[in-house]
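Take the sequence shown: its letters are residues -17 to 494, numbered as in my numbering. Don't be surprised by glycine CBs; every beta carbon is placed ideally from N, CA and C. All figures in this text were calculated on a predicted structure; none of them were measured in a lab. Here is the structure we will look at, set down as structure tokens.
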Amino acid sequence: MSAVTAFEAGVVEQLLGRAPLSESTSLTQGLVQTAHLDRLELPLGGPAGERSPDAVGRLYRRIAAKLALADAACLVFALMVSYLVRFGFSPLPGEWVALVATAPFVWIGVFHAFHLHSPQHTSSWEQFKNVISASGVGVIAVAMVSFWSHSTFSRAWLGLTWGVALVAELVVRRLFDRHIAKARADGRLAFRTLIVGANNEAGSLAHALKDRHLGFRPLGYVSVETSPVEANGIRVLGHIDDIECVIEDHQAECLFVASSAVSAEDMLRVAQASRRKGVELKVSANVPQMLTSRLNVQPVGDVMSLSLRPVRLTRGQMFTKRALDVVVSAAALLVAAPVLAVVAVAVKLSSPGPVLFKQKRVTKDGHVFSVLKFRTMRTDGDRILEEMGIDPKVPFFKLQDDPRVTRIGNLIRKTSIDELPQLINVIRGEMSLVGPRPLPVDQVLANEHLLSPRHEVKSGVTGWWQIQGRSDVTPEEALRLDLFYIENWSLSLDVYVLLKTIEVLIKRKGAY
-17 MSAVTAFEAG
-7 VVEQLLGRAP
3 LSESTSLTQG
13 LVQTAHLDRL
23 ELPLGGPAGE
33 RSPDAVGRLY
43 RRIAAKLALA
53 DAACLVFALM
63 VSYLVRFGFS
73 PLPGEWVALV
83 ATAPFVWIGV
93 FHAFHLHSPQ
103 HTSSWEQFKN
113 VISASGVGVI
123 AVAMVSFWSH
133 STFSRAWLGL
143 TWGVALVAEL
153 VVRRLFDRHI
163 AKARADGRLA
173 FRTLIVGANN
183 EAGSLAHALK
193 DRHLGFRPLG
203 YVSVETSPVE
213 ANGIRVLGHI
223 DDIECVIEDH
233 QAECLFVASS
243 AVSAEDMLRV
253 AQASRRKGVE
263 LKVSANVPQM
273 LTSRLNVQPV
283 GDVMSLSLRP
293 VRLTRGQMFT
303 KRALDVVVSA
313 AALLVAAPVL
323 AVVAVAVKLS
333 SPGPVLFKQK
343 RVTKDGHVFS
353 VLKFRTMRTD
363 GDRILEEMGI
373 DPKVPFFKLQ
383 DDPRVTRIGN
393 LIRKTSIDEL
403 PQLINVIRGE
413 MSLVGPRPLP
423 VDQVLANEHL
433 LSPRHEVKSG
443 VTGWWQIQGR
453 SDVTPEEALR
463 LDLFYIENWS
473 LSLDVYVLLK
483 TIEVLIKRKG
493 AY
């Protein structure tokens, strides 16, 4: 067995917990097996009440080890693809064997430095951004290792290795995310959590943590006040003076502090208890939802503060965003031209009326423009709403079973093909590819105070709330998600939204 085959067999064997691969098993097959994590059953333990203390912590450490092995497999896969492209199926020279044997350790170290082996501490978006950064740094580090092994590699090899490794990493990370989300939802990766504090913020925190998809199982409050208030069906389990005993008695794995309920002295006591008992410690922050990349912890005297980096795109970034809009939109229109022609004919033949639907909508700074869509409704739609007594001025108004929609309109709505003409709006500069969805003028005028904060940026063909649930999202949630996007606006976030949009379109969830 060659050194490369032995290495890949060891990686996949440890990653999947299966018997060693035969000599004829290729690295590509091993990576494909690695990708099917949703079919695997990680030994995540039994019901929460039967597991030992720190069970979830140990499971996350096990997942971290599997992530590291998956990272190594992705790099080896990328290196072998690059070799095959350049040299074909010729035997590996000694310097390549040395590179394949040593580079994965460097790669794992880089990914660990970017905090990519602790999924319990990062969101999917943060992981996406960090994977891109780590892959770039990692390929440079691998190139440095190649010089040490006396190998010579071209810039084309470097670019191909980076591209293949990046795609492989994103696919594998997505599969890991799905598996972790499933394990959180069924309780196998849910931290047994004590909420420190028993005030109104603690009550809101307890309500939020009951969402099983977040990975927490709230047990009760640890009170700081002399007269704690029970809320959301969760009882007070003890006082902060006895917090270590409460942790032991209830086998807690996480302390979640309501920041407004504790003093600096109380917080120090909680931190000491967390360290001594080896449990997770999280502290709520009374700031709007934002990406961790914008936050910086900074001491100000004896006080720890959160510094928020402002969100402002430079002129260069704005130029890049505009260039991305134009290039991607033009390419998409060119590729989709046959589909656009077929849909245009289908719309025209299916019902009387124009092919394109034009409506006045509001974009950045309150400017009004005519949005373009394929017509999906009957031309007497307004009359139908009046007869039904429905007010279309409600923010984010949309009917799930809309009687105005034609048969062909229903089909192209579910596939989102009706939105494709908006790429023309993007090229014109009236919209961007990513941003808050533009709303009709009458909706904005009727709810100006509520909706005007959405107009700080250009409206988009897709946006943050589109990838979070599309039409299944409530109006309140849609507004919150739009404001989150504006508050955290960046080019990398736009790229993430565009890639997630492809996945959402394939699933067709929330499309109507």
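N- and C-terminal bounds of the alpha helix (DSSP H) containing M62: Where M62 is concerned, the enclosing alpha helix (DSSP H) stretches over 37 to 69.
Alpha-carbon to alpha-carbon, V309 and K192: Near 44 Å, if we compare the C-alpha coordinates of V309 and K192.
Outcome for P200 when other beta-carbon atoms lying within 10 angstroms are tallied against a minimum of 16: Buried: at least 16 other Cβ atoms inside 10 Å.
Coil, strand or helix - G202 by DSSP: Of the three classes helix, strand and coil, the one that applies to G202 here is strand, per DSSP.
N-terminal and C-terminal residue of the alpha helix (DSSP H) that K164 is part of: Where K164 is concerned, the enclosing alpha helix (DSSP H) stretches over 137 to 167.
Segment limits, alpha helix (DSSP H) that includes H94: Counted as a single uninterrupted DSSP element, the alpha helix (DSSP H) harbouring H94 occupies residues 76 to 95.
T345 vs F339 beta-carbon contact at 7 Å: For the pair T345 and F339, the CB atoms are not nearer than the 7 Å cut-off.
Cα-Cα separation, E207 to I177: Near 13 Å, if we compare the C-alpha coordinates of I177 and E207.
Cα-Cα separation, Y478 to H221: Y478 and H221 have their C-alpha atoms roughly 44 Å apart.
7 Å Cβ shell around S117 - same chain, five flanking residues per side excluded: Excluding positions up to five away in sequence, the list reads W144, A147, L148, E151.
N- and C-terminal bounds of the beta strand (DSSP E) containing P281: Taken as a continuous stretch (DSSP letters only), the beta strand (DSSP E) holding P281 covers 277 to 282.
For F198 and A172, believed in contact at Cβ under 8 Å, the rounded distance: Yes, they are in contact, since the Cβ atoms of A172 and F198 sit about 6 Å apart, within 8 Å.
Neighbourhood of L465 by C-beta distance below 7 Å, restricted to the same chain and skipping five residues each side: Around L465: P435.
Span of the beta strand (DSSP E), counted from its first residue to its last, around E183: No beta strand (DSSP E) holds E183; the alpha helix (DSSP H) holding it covers 182 to 191.
heavy atom of the ligand COA below 6 Å from A318 C-beta: Ligands in the displayed structure: none, and consequently the ligand COA is not present.
Burial state of F356, where buried means 16 or more other Cβ atoms lie within 10 Å: Buried: at least 16 other Cβ atoms inside 10 Å.
Separation of L475 from L393, as counted between CA atoms: Looking at the two C-alpha atoms, the distance is approximately 30 Å.
Touch test, the stretch 42 to 58 against the stretch 80 to 94, Cβ-Cβ under 8 Å, three pairs minimum: Touching, per the Cβ criterion.
R257, DSSP secondary structure in three states: Helix.
Residue closest to A326, alpha-carbon to alpha-carbon, out of N268, E401, N278: That would be E401, whose Cα lies nearest to the Cα of A326.
Reduced DSSP secondary structure (H/G/I, E/B, other) of M286: Residue state, collapsed to three classes: strand.
Cβ shell of D159 (< 8 Å), same chain only, five flanking positions each side left out: Around D159: P101, S106, Q109.
Nearest-angstrom Cα separation, counted from A323 out to L51: Taking the straight line from one Cα to the other gives about 48 Å.
Among G70, T296, V261, A246, nearest to G283 - alpha-carbon criterion: If we check each option's Cα against that of G283, A246 comes out closest.
Boundaries of the beta strand (DSSP E) in which Q341 is found, first to last residue: In the DSSP annotation of this structure, the continuous segment of the beta strand (DSSP E) that includes Q341 starts and ends at 338 to 344.
Backbone CA spacing between V239 and C227 [nearest angstrom]: Rounded to the nearest angstrom, the two C-alpha atoms are 17 Å apart.
Spatial distance of S414 from L354 (CA atoms): Annotation: S414 to L354 spans about 13 Å, alpha carbon to alpha carbon.
Unbroken alpha helix (DSSP H) run spanning K489, endpoints: Note, K489: alpha helix (DSSP H), 473 to 489.
Cβ pair T361, V387 closer than 7 Å: Cβ atoms of T361 and V387: not closer than 7 Å.
With 16 other Cβ atoms within 10 Å as the buried cut-off, status of E235: So E235 counts as buried.
Residue(s) in a DSSP beta bridge with T175: According to DSSP, which records beta bridges pairwise, T175 is partnered with P200, C236.
Same chain, Cβ closer than 6 Å to I488, neighbours up to 5 away in sequence not counted: Same-chain partners within the cutoff: there are none.
For K440, the three-state DSSP class (helix, strand or coil): In the structure shown, K440 sits in coil (DSSP, three-state: anything other than H, G, I, E or B).
Start and end residues, beta strand (DSSP E) containing L354: Its beta strand (DSSP E) spans residues 350 to 356.
Rounded separation between P320 and G417 - CA only: For the pair P320 and G417, the Cα-to-Cα distance works out to about 27 Å.
Top-ranked residue by Cα proximity to T483, from W446, P457, V455, W471: Minimum Cα distance to T483 is reached at W446.
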